[in-house]
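Engineer:
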Amino acid sequence: MILSRFSFGPGIKRLNHDPANYKTIVLVGPVWMGSLIAPLRDFLKKYKNSINRLFFVCCCGSSDVKKEDKFGHAHVFEKVRELTGSRIVHCEAFPIGLVLSEEEQENSEMIMNTRLSNDNFSGEIQERFDKLVPKILNIESVS
Numbered sequence: 008m009i010l011s012r013f014s015f016g017p018g019i020k021r022l023n024h025d026p027a028n029y030k031t032i033v034l035v036g037p038v039w040m041g042s043l044i045a046p047l048r049d050f051l052k053k054y055k056n057s058i059n060r061l062f063f064v065c066c067c068g069s070s071d072v073k074k075e076d077k078f079g080h081a082h083v084f085e086k087v088r089e090l091t092g093s094r095i096v097h098c099e100a101f102p103i104g105l106v107l108s109e110e111e112q113e114n115s116e117m118i119m120n121t122r123l124s125n126d127n128f129s130g131e132i133q134e135r136f137d138k139l140v141p142k143i144l145n146i147e148s149v150s
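Numbering (this note's numbering), first residue to last: 8 to 150.
(1) Run the CB neighbour count on P102, radius 10 Å, all protein chains shown included, and call it buried at 16 or more, exposed below.
(2) Out of curiosity, what's the CA-to-CA distance linking R12 and I44?
(3) State the DSSP-derived secondary structure class of I103, mapped to helix, strand or coil.
(4) For A100, count neighbouring C-beta atoms within 10 Å of its own C-beta (all shown protein chains included) and say buried if the count is 16 or more, exposed if not.
(5) Quick one: measure Cβ to Cβ for G79 and G41, integer angstroms, because I've assumed they're closer than 8 Å.
(6) Keeping to the same chain, check which residues put their C-beta closer than 6 Å to that of V83; ignore five residues upstream and five downstream.
(7) For S69, count neighbouring Cβ atoms within 10 angstroms of its own Cβ and tell me buried if that reaches 16, exposed if not.
(8) How do the region 104 to 115 and the region 123 to 131 stand: do at least 3 beta-carbon pairs fall below 8 Å, yes or no?
(9) Should V87 go down as buried or exposed, given a rule of 16 or more other Cβ atoms within 10 Å for buried?
(10) According to DSSP, L43 sits in a beta bridge with which residue or residues?
(11) Kindly indicate which residue of S93, S57, P46, K52 has the alpha-carbon position closest to the one of P26.
(12) Measure the C-alpha to C-alpha separation of K73 and I132 and round it to an integer number of angstroms.
(13) Return the CA-CA distance between L47 and L34, expressed in angstroms with no decimal places.
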């Protein structure tokens with residue numbers, strides 16, 4: 008996490024498949040304290056010229072209401088757009104709070120200790136996922 012906060016990364020392993028061979032890349036990862044984590048940032052820097060179209064998806068502790076706050080996911084989306092330019096098609100956040108009750112969503116410790124799983128992936132977060140999949144599939148059928 009410290010490496011990510013200071014925009015330093017150890018690099019990433021060479022990929023077995025060239026991103027240029029795919030119409031669309033869906034990059035998925037966490038947001039840590041409002042930062043684009045080093046492995047994702049390093050991937051984007053290394054392969055941005057090979058990516059045709061990118062969907063960036065994250066799971067995060069920030070809510071949609073707090074996405075612009077210091078640790079909000081909007082800052083990560085800005086960084087992804089900055090790194091990829093016109094290659095980014097869509098950014099989507101899956102806030103952990105969506106699997107918690109309204110009361111639990113106000114408890115930062117509860118948010119930090121909650122992990123997405125098959126058992127809790129339902130309700131609003133499932134609906135958000137169900138809306139994202141057709142967006143990805145529709146962009147594939149356009150070309």
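Glycine included, every Cβ here is placed at the ideal spot set by N, Cα and C.
Structural biologist: Straight from the coordinates:
(1) Within the sequence shown, residue 102 is the residue found at index 95, counting from 1. Buried is the call here.
(2) In the sequence shown, residue 12 corresponds to position 5, counting from 1. In the sequence shown, residue 44 corresponds to position 37, counting from 1. A caution first: R12 carries a pLDDT of 48, below 50, which makes its placement in the model unreliable, though a value can still be read off. If you take the alpha carbons of R12 and I44, they lie about 8 Å apart.
(3) Within the sequence shown, the letter at position 96 stands for residue 103. Reduced to three states, the DSSP call for I103 is helix.
(4) Residue mapping note: residue 100 aligns to position 93 of the sequence shown, counting from 1. The residue in question, A100, is buried, as its Cβ has 16 or more Cβ neighbours within 10 Å.
(5) Position 72 of the sequence shown, counting from 1, holds the residue named residue 79. Position 34 of the sequence shown, counting from 1, holds the residue named residue 41. Sure, about 6 Å apart at Cβ, within 8 Å.
(6) In the sequence shown, counting from the first residue as 1, residue 83 sits at position 76. Residues V38, L43 of the same chain have their beta carbon placed closer than 6 Å to that of V83, with the five preceding and five following residues left out of the count.
(7) Mapped onto the sequence shown, residue 69 falls at position 62. Under this definition S69 is a buried residue.
(8) yes
(9) Counting from one through the sequence shown, the residue named residue 87 turns up at place 80. The residue is buried, with at least 16 neighbouring Cβ atoms inside 10 Å.
(10) Residue mapping note: residue 43 aligns to position 36 of the sequence shown, counting from 1. Partner(s): V38.
(11) If you number the sequence shown from 1, residue 26 lands on position 19. Comparing Cα positions, the closest option is S57.
(12) Counting from one through the sequence shown, the residue named residue 73 turns up at place 66. Counting from one through the sequence shown, the residue named residue 132 turns up at place 125. If you take the alpha carbons of K73 and I132, they lie about 17 Å apart.
(13) In the sequence shown, counting from the first residue as 1, residue 47 sits at position 40. In the sequence shown, counting from the first residue as 1, residue 34 sits at position 27. Going from the Cα of L47 to the Cα of L34 covers about 8 Å.
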